[in-house]
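Read in order, the letters of the sequence shown are residues 1 to 73 in full-length UniProt numbering.
Every residue gets a Cβ at the ideal spot worked out from N, C-alpha and C, and that includes glycine.
Fair warning: this is a prediction, and the values are worked out from it, not measured in the lab.
Structure record follows, encoded as structure tokens.
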Amino acid sequence: MAIISVQNATPVSLKFLTFQSIQIPMGLVLAFGTGIGLIGMAVLQPLWGLAGSRQSNSRFEDDAEFFVDDEDF
1 MAIISVQNAT
11 PVSLKFLTFQ
21 SIQIPMGLVL
31 AFGTGIGLIG
41 MAVLQPLWGL
51 AGSRQSNSRF
61 EDDAEFFVDD
71 EDF
């Protein structure tokens, strides 16, 4: 990441709809984008884990009924 940022020092201006940013180095844009992605995934991953645990618990309960051992000892 550091090598790519240093090699891309050309100033760029970002445009979104009618909004336009100031000119900043492309390496800085890459660093901000990577940081926002890391923080976003750190926030969303526990939420996905909570949603998955609700589904997986009911699935394991169904599996427990399926694997009942009915042999007489």
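Distance from the Cα of M26 is smallest, within the candidate group F16, M1, L50, S5, for S5. DSSP lists no bridge partner for Q23. For V29, DSSP records no beta bridge to any residue. Annotation: Q20 to V29 spans about 14 Å, alpha carbon to alpha carbon.
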